[in-house]
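Inspection log for the structure reproduced underneath, given as structure tokens.
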Amino acid sequence: MTHLPETLKRLLAEADHPLGIKELLRLSGLNPGAQTELKRTLREMVRSGDLLKEGKRYVVAVAPPPSAVRPAPAPARAAKSAAKRAVPSRARAARGTEAEAREPFVRDEGFTRVRRGRSAEREPRGLERAEPPARRSRAAPPSREELRPARGGRHGANARDEVPVIEGVLHVHRDGFGFVHPLTSGGEKGQKADNIFIPPQEAARALDKDRVRVAVPGYPARTEGRILEVTSRQRQLVAGTYYERGRNALVYPNDKGLPGPIRVPRTQMAREGDVVKVRLGVGAELLGEGEGLYGEVAGSIGKPGDPSVEVLSIAFAQGFNDEFPSEVMDEADRVPLKVSEAEARGEDRRDLRKLPLITIDGEDARDFDDAVYAEPRGDGWRLVVAIADVTHYVRERTPLDVEALHRATSVYLPDRVLPMLPERLSNGICSLRPDEDRLCMVADMVIDRRGLLKSSELYPAVMRSHARCTYNEVQDVLDGKDVPHRNRFKPHFERLMALARTLIQMRKERGAIDFDLPEVKVVMGENGFPVRMEKRERKESHRLVEQCMLAANEAVAQYFQERELPSVYRYHGAPDEEKLAAFALLAQAHGFKFSAGDEVSSRELNAFISQLEGHPEQRALNQLLLRSMMQAVYSSSQVGHYGLASESYLHFTSPIRRYPDLLVHRLLKAHWAREGKKRPAAAVEKEESRLEEMAQQCSDRERAAMLAERETVSFYAALLMKDRVGEEFDATVSSVVDFGFFVELDKEFVEGLVKADALGFGAKLDKTVHALSYPTGRKVRVGQKLRVRLASANLERRQLDFTPIAFEGEAELVLDAEQGDAHEDGRRRRGGGRSPRPPGRSRQEPPRWESPPPARAQKPWEKPRASRKPEEVEVAAEAPAKRRRLVPPAKPVASAPPEEPAAPVYARSAPQEDLAGPAWEEKPREQEAVPLWELAQQGEAPAPRGSSPHPGFDRIRALAAQRGGQARGGNDSADWKRGPERGGPGKGPKKGGGSKKGAPKGKSKGRR
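The opening position of the sequence shown corresponds to residue 358 in the working numbering, with each subsequent residue numbered one higher.
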């Protein structure tokens, strides 16, 4: 323990967030018995000023520079004596005033703990004693007005401008604190910015996903900030349970990260206990201290227990909506349902209605935004890609356009789609339905036999889809199967497939990366519950459409690049060097040849991926490599795409479900309207700035949609596995972290966590080989096969927890019967008994709510211990073994049969319609406490059982029962079951009421 303070300092300095007791205990490798020593050490380090305590977590104290430290005031008694000894002169006082004016403000009272109501002039005692001046001086964060930058003017450049102000997105943790992810780092694109820590009292003033401006004194050396303002609030809706309280109503949000409850007016749109949708009314404002949220009910979305309610809660939490505003729907209703001849001939559109364009989409798709056609052209092909012309109906700066930019993408969930555009457009006039005229934007390309683009032409057109095909139908035709209504398109499919194979080979030679990671699909039943999880097979028909879309996107990007037109590009940067170096060590540890130099090309990465084909660890290593890659974003700068090995790339082919595609269509039309004339440089610069803001919005909403889809799949996975707790499965280690490792079930395709303590204490993460190392010598690596047992399915946290049973090729691990932990060092005997612990290891006492070990049975030949009386020995032998409980269990009613269980608690359940828990939730419903005497009057209260938290009461009660009486003060008193009007507690015994047999003389039987 001598090096414990240094270890704690190192762990807290390396952590990116404050750490709690349990995290420090795990990371330091201490056993649970050392928790008391750890707490004592932390208290001493806080007193000495080495650490700071934020709630229940700890951070390293950052010492301010000497010039910024103001001496701490002396204790009250010392200050009085100093004042008596010397009185400062006026000159000294003036100099002191000037010095204080030059010194920064220091909030000293924040480090002196004084109880309320006590005089501050007395000398502090104990924890209230002031710390040594050299260690307790800490510069407090200035006020918001001091930190807010000046708005300009003659005196605009002052000290306030020196405080860095950074704009970013706030992410609030469930424990109260948060982090702000900066949008940019010092204005330099591509540079990774450090996240800014926001303490709990500051994080409570904004909502999760808010875009905020924070002041960070000392940035970038110090990364703790203070929120100045909320620039935009992405979250507008909240799902919660509705309760009426007097004239008003309260909504308790499902999202525990929100400050609740939410105050709303009473409404007729919902009944008490319904899950409702609340539209927040706080706007983009900072929340006051202790101020809750308020809003209005927008409608009822279901009852507790319906999985769709939880899905909508997830979507609302990410800032999405399942309905459109009224002004948006009004504009959508004015859109025509058919294309008129005037529209078909306008805008210099070409007529492609006789060209056999076809759409290829999924089985359940409704929004068809692309159609393809290919024909031989010389030694290559002519490829025509027609995309729905959404900009013809969504005009710029209209309510439709504003709402589309706000959503920026459609969200595809297992049971529903949250579209970017109203259904009248997305599934109607904009969708390329078969045998219906539709307006489109066309990329007409000529590709040679090597897959290179020879020429391209972009133009508006009118088209008519000749067939609505699915991926499965196209694949069946390519495989030679008989598909009656699609056989006539077989030559067309074969030409497209030949072109796709040529494009795939060209991209592979160029260095494009193809991870080929299968996606998990949730198969839903008719009742809204999941049936199974299955992997989407990536067929050749998928690759066919994918290659056609990639070719069209690159052709349009090349069009903008050649003409130097501002646009929104798709940017994908090179991998992170540190992460890639760590992955190289991991690959070498698994026997693969891979080295990460200064610059690793995408061609080298693709060559390494080809080594993994058919290997058992292919999926796990591909996922780890994907995590080391940068995330693709939208940008107004043309900077290339690393994953596709493309110099310029953008999105053009999905304007129904992606706003950047719609924006590219609009920029193309604006350029055609100018007839190729160049604009002034100032106008171009202004437009690029506007496009960058829109690109940032689209990137943010894309990440939010990915999170919503991922959390929804995790929720359905937990719901699907809820009834299979205790079953065993074959699994593979998919990733390793410091607190455990994640496993993916081989047949069920769900992922869950195995905690590090399940294999023993002291586990440490070896980042070089991405393995979890234990003191016993075991190492858990990515790709290992093992057998696991499902321990729990947490629907609220959307998480599965597993317990390891046996690793492949090894003996079965022995499980701890009480705690469920696995032991592999032979210290557990057969039958659940544990061998003696190693010397020097402290024994951890179980918490008071856990079941104590059963008492050893009394042998016939053994004598009782001397500390017990003969009567107590008999009582102890008859006493049943203690059960796990939080409150004393009730005694069975005398008239009931012995096998019937007694009522567990003296409480009455709330009505089913008020507090009905979800059908997939196993935790009990909340109970409404009812006075015991009231239940006795209604005949609902059973007789309490003779059990008490204090063992002495049990012995006295047992002795009294042997003598035929009742012990004084026991909870079996008859008057305890009476109300106040019948002589119960509070009024004394009723005269002549009850038998006094066995009660001591002069004492009332009802007194406690």
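Glycine residues also receive a C-beta, built at the ideal position from the N, C-alpha and C atoms. Note that this is a predicted model, so its numbers are computed, not measured.
Euclidean distance between Cα positions of residue 957 and residue 868:
11 Å
Under the three-state reduction of DSSP, which class applies to residue 1136: helix, strand or coil?
strand
By DSSP, does residue 678 sit in helix, in strand, or in coil?
Residue state, collapsed to three classes: coil.
With a threshold of 7 Å on Cβ separation, who are the neighbours of residue 895 within its own chain once the five nearest residues in sequence on each side are excluded?
873 and 875
By Cβ distance below 7 Å, which residues in the same chain neighbour residue 601 in space, the five residues on each side in sequence not counted?
623 and 629
Looking at C-beta atoms only, is the number of pairs between the segment 407-416 and the segment 374-390 that lie closer than 8 Å three or more?
yes
Starting from residue 853 and walking both ways along the beta strand (DSSP E), at which residues does that stretch end?
Careful: residue 853 lies outside any beta strand (DSSP E), inside the alpha helix (DSSP H) at 847-867.
On the three-state DSSP scale, how would you describe residue 1164?
Note: residue 1164 maps to strand in three-state DSSP.
Provide the residue span of the alpha helix (DSSP H) that contains residue 538, from first to last.
Per DSSP, residue 538 lies in no alpha helix (DSSP H); the unbroken beta strand (DSSP E) holding it starts and ends at 535-539.
Tell me the residue span of the beta strand (DSSP E) that contains residue 986.
Note, residue 986: premise wrong, no beta strand (DSSP E); not H, not E.
Where does residue 716 land, buried or exposed, given buried means 16+ other C-beta within 10 angstroms?
Answer is buried; the Cβ neighbour count reaches 16.
I'd like the list of long-range same chain contacts for residue 644, defined as Cβ closer than 6 Å, with 5 residues on each side in sequence excluded.
562
Cβ of residue 1062 within 7 Å of Cβ of residue 766?
Yes, these two residues count as a Cβ contact at 7 Å.
According to the Cβ coordinates, are residue 344 and residue 587 closer than 7 Å?
This structure cannot settle anything about residue 344, because the visible part of the chain is limited to 358 through 1365.
In the DSSP output, what is residue 1156 paired with across the bridge?
1151
Can you tell which of 519, 823 and 799 has the C-alpha that lies nearest to the C-alpha of residue 1025?
799
By alpha-carbon positions, which one of 583, 839, 567 and 576 ends up nearest to residue 615?
567
Given a cut-off of 7 Å on the beta-carbon distance, is the pair residue 949 and residue 968 in contact?
Taking 7 Å as the Cβ cut-off, residue 949 and residue 968 qualify as a contacting pair.
Is there at least one Cβ from chain B nearer than 7 Å to residue 1052's Cβ?
Absent from the structure: chain B. Only one protein chain is present.
Spatial neighbours of residue 392 in its chain, beta-carbon cut-off 8 Å, leaving aside the 5 residues before and after:
378 and 382
Give me the residue from 360, 665, 584 and 557 with the minimum Cα distance to residue 1076.
That would be 665, whose Cα lies nearest to the Cα of residue 1076.
What residue range does the beta strand (DSSP E) around residue 718 cover?
716-718
Ranges of the alpha helix (DSSP H) found wholly within the segment 937-1025, counting only runs of at least 4
959-968 and 975-984
For residue 1059, count the other beta carbons within 10 Å of its own beta carbon; 16 or more makes it buried, fewer makes it exposed. Which is it?
Residue 1059 is buried by the Cβ-count criterion.
Exposed unless 16 or more other CB atoms sit within 10 angstroms - verdict on residue 537
Residue 537 is buried by the Cβ-count criterion.
Kindly indicate which residue of 720, 784 and 763 has the alpha-carbon position closest to the one of residue 745.
Selected option, being the one with the closest Cα: 784.
Segment contact flag, the segment 903-911 with the segment 962-979, C-beta cutoff 8 Å, min 3 pairs
no
Does DSSP put residue 627 in a helix, a strand or coil?
Three-state DSSP puts residue 627 in coil, outside helix and strand.
Would you check if the distance between the CB atom of residue 706 and the CB atom of residue 817 is smaller than 7 Å?
yes
Taking the beta carbon of residue 845 as the centre, do at least 16 other beta carbons fall within 10 Å, making it buried, or is it exposed?
exposed
If you follow the beta strand (DSSP E) that residue 609 is in, where does it begin and where does it stop?
Per DSSP, residue 609 belongs to the beta strand (DSSP E) from 605-610.
Over what stretch of residues does the alpha helix (DSSP H) that includes residue 361 continue unbroken?
361-371
Is it the case that the Cβ atoms of residue 635 and residue 619 are separated by a distance below 7 Å?
yes
So for residue 777, helix, strand or coil by DSSP?
coil
Nearest candidate by alpha-carbon position, reference residue 1117, set 1107, 1125, 1106 and 1137:
Taking only the C-alpha atoms, the option nearest residue 1117 is 1137.
Closest Cα partner of residue 535 within the set 1065, 727, 553 and 835
553
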